[in-house]
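Note that the sequence shown covers residues 1 to 376 in UniProt numbering. To start, the structure itself, in structure tokens.
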Amino acid sequence: MSTKFTGQDILLQAIKDGLKGDAHSFELRIRKFVNKMKAEYPHFAREVGSLVSDLGLLRSSYSKEHVLPSPVEPDTRQQLLIEKFPVNLNRTPSWPENTQRKVDRFLRERHRVEELLNEQLLPSRSLLMSGPPGTGKTLTASWVAKELNLPLLTLDLANVMSSYLGKTGNNIKSVLNYASSFPCVLLLDEFDAIAKKRDDETDVGELKRLVTVLLQSIDDWPLSSILVAATNHGELLDPAIWRRFDCVIEFDYPDREQVKEYVMSWEVSEVVADWISTGVTNTSLAIIEKRLLEAKKDVILEGRSIVLSLKDSLCLSGLPNDPDIRREVAYELHEKGWANIKIADELGITRQRVASLLKEKTELNRQELQGKLNYG
Ligand SMILES: Nc1ncnc2c1ncn2[C@@H]1O[C@H](COP(=O)(O)OP(=O)(O)OP(=O)(O)O)[C@@H](O)[C@H]1O
Ligand SMILES: [Mg+2]
């Protein structure tokens, strides 16, 4: 009767992972195996343990010693992927609460891979994001790469799909192979390009093969890398594709609170941020960011008020009668050296009203300063 030695099943599983090229799972299982062997064969366990530590796959951050060269389009020799490492972001993404929760959970699974695998639970490896343009999908992919200290590889499928489908398939395969070969985040942007192409009946067979390749790749995706797909047209995606992804996040235009918070992060006063957030609908943060940047330039180049500039560019209906906003704008223009009569004209109020708004603002500033001094 054959008897099993300690950790035999784990070792077998590790060999399978190794043969599949899944270095990450391989390392985790070997570590577990070493733990099991420690009591019975301490010397051997130490030896195997130090071999694995030398490889350091689990902690491996970006190393340029990739097994494969970065894939290129065979005819044009152009790089298929844009690679970024380290990923730096100059602003933290702002998400609605449920999105924040999903992103945090995804990251937590990645940070605690070892604990999950020890319990034979497979951590998330893939993320599908759908939603309108400019709502933060690419930003979220960058955030994930940054938080996990992994390189971000981006493939714009819309570009690759323009070529002959047979060739497209090969290009996609080489990208997937490459990204599976070392720890990274692969972003497949414009993911619907594949689904859309299905309307083109000339090449249905080829396309089906392509979708099959993709489905297979998602299933076999190694633990060491993360596959992220983004699309503006989730409705065009094959339902089989949706099911394949471990985590799905649907993005939408920001709600009022999100816009307000975002605008305030640009050091715009709360009353103005509140006014903007009530005035815009179905507007992405990408558009709002663009308008804010333009408005800031207007302040410098045209001597305009940031509020009035935003009013025009975001098509906000006239300044509300809210005296707080009028006071902010009047003060801003006053600080820029505008005469009261010009401010009165701009805001459609009397000169006396301007004077009293400025007085109020000076008093508020004084109180604020006093408060700070007292607090300090
Ligand atoms: N949720 C967000 N939080 C903070 N900034 C955002 C957010 N959404 C968009 N932005 C700003 O808009 C820019 C563009 O966003 P991003 O490229 O991520 O949108 P997208 O959803 O990928 O759009 P597309 O579908 O057109 O590719 C970001 O770089 C960022 O400056
Ligand atoms: Mg994008």
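Heads up, the beta-carbon is just placed ideally off N, CA and C, and yes, glycines get one too.
Residue i in three-state terms, based on DSSP
{"i": "Leu-223", "result": "coil"}
{"i": "Gln-120", "result": "coil"}
{"i": "Ile-30", "result": "helix"}
{"i": "Gln-78", "result": "coil"}
{"i": "Val-113", "result": "helix"}
{"i": "Glu-83", "result": "strand"}
{"i": "Gly-7", "result": "coil"}
{"i": "Val-72", "result": "strand"}
{"i": "Trp-95", "result": "coil"}
{"i": "Gly-21", "result": "coil"}
{"i": "Ser-50", "result": "helix"}
{"i": "Asn-282", "result": "coil"}
{"i": "Ala-339", "result": "coil"}
{"i": "Arg-366", "result": "helix"}
{"i": "Asp-324", "result": "helix"}
{"i": "Ile-349", "result": "coil"}
{"i": "Val-263", "result": "helix"}
{"i": "Ala-45", "result": "helix"}
{"i": "Leu-89", "result": "coil"}
{"i": "Ser-61", "result": "The pLDDT assigned to Ser-61 is 44, lower than 50, so where the model puts this residue is not dependable, and the model offers no usable value."}
{"i": "Arg-304", "result": "coil"}
{"i": "Val-271", "result": "helix"}
{"i": "Glu-360", "result": "helix"}
{"i": "Lys-38", "result": "coil"}
Ligand 1 heavy atom lying under 8 Å from the CB of residue i
{"i": "Glu-289", "result": "yes"}
{"i": "Leu-139", "result": "yes"}
{"i": "Thr-92", "result": "yes"}
{"i": "Tyr-375", "result": "no"}
{"i": "Trp-95", "result": "yes"}
{"i": "Trp-362", "result": "For the record, residue 362 in the displayed sequence is Thr; it is not Trp. Not under cutoff, so the answer is no."}
{"i": "Thr-154", "result": "no"}
{"i": "Gly-131", "result": "yes"}
{"i": "Thr-135", "result": "yes"}
{"i": "Phe-26", "result": "no"}
{"i": "Phe-251", "result": "yes"}
{"i": "Pro-254", "result": "yes"}
{"i": "Tyr-41", "result": "no"}
{"i": "Tyr-262", "result": "yes"}
Buried versus exposed call for residue i [16 or more other C-beta atoms within 10 Å across all chains shown]
{"i": "Ser-61", "result": "With a pLDDT of 44 at Ser-61, under the threshold of 50, the predicted position of this residue should be treated as unreliable, and no value is reported."}
{"i": "Leu-357", "result": "buried"}
{"i": "Thr-135", "result": "buried"}
{"i": "Arg-59", "result": "In this prediction, Arg-59 has a pLDDT of 45, which is less than 50 and means its spatial position is unreliable; what the coordinates show is noted afterwards. Exposed: under 16 other Cβ atoms inside 10 Å."}
{"i": "Gln-258", "result": "buried"}
{"i": "Arg-291", "result": "buried"}
{"i": "Gln-370", "result": "exposed"}
{"i": "Ser-265", "result": "exposed"}
{"i": "Asp-22", "result": "buried"}
{"i": "Leu-187", "result": "buried"}
{"i": "Glu-332", "result": "buried"}
{"i": "Arg-31", "result": "buried"}
{"i": "Tyr-262", "result": "buried"}
{"i": "Leu-301", "result": "exposed"}
{"i": "Asp-17", "result": "buried"}
{"i": "Glu-114", "result": "exposed"}
{"i": "Glu-47", "result": "exposed"}
{"i": "Gly-166", "result": "exposed"}
Residue range of the unbroken alpha helix (DSSP H) whose run includes residue i
{"i": "Lys-290", "result": "285-301"}
{"i": "Leu-314", "result": "Careful: Leu-314 lies outside any alpha helix (DSSP H) and carries neither H nor E."}
Heavy atom of ligand 4 within 8 Å of residue i beta-carbon
{"i": "Leu-285", "result": "Annotation note on ligand 4: not contained in the displayed structure, which lists ligand 1 and ligand 2 as its ligands."}
Chain B contact for residue i (CB, 9 Å cutoff)
{"i": "Leu-364", "result": "Any reference to chain B falls outside this structure, which holds one protein chain only."}
beta-carbon residue i near ligand 2 non-hydrogen atom, thresh 8 Å
{"i": "Ala-145", "result": "no"}
{"i": "residue 382", "result": "For residue 382 there is no data in the structure shown, the boundaries of the chain being 1 and 376."}
{"i": "Asp-189", "result": "yes"}
{"i": "Ala-230", "result": "yes"}
Please list the segments of the beta strand (DSSP E) lying wholly inside the UniProt domain "AAA+ ATPase" (123-255), counting only runs of 3 or more residues, in order along the chain. The UniProt domain "AAA+ ATPase" (123-255) contains these whole beta strand (DSSP E) runs: 126-130, 152-156, 185-189, 226-231, 247-250.
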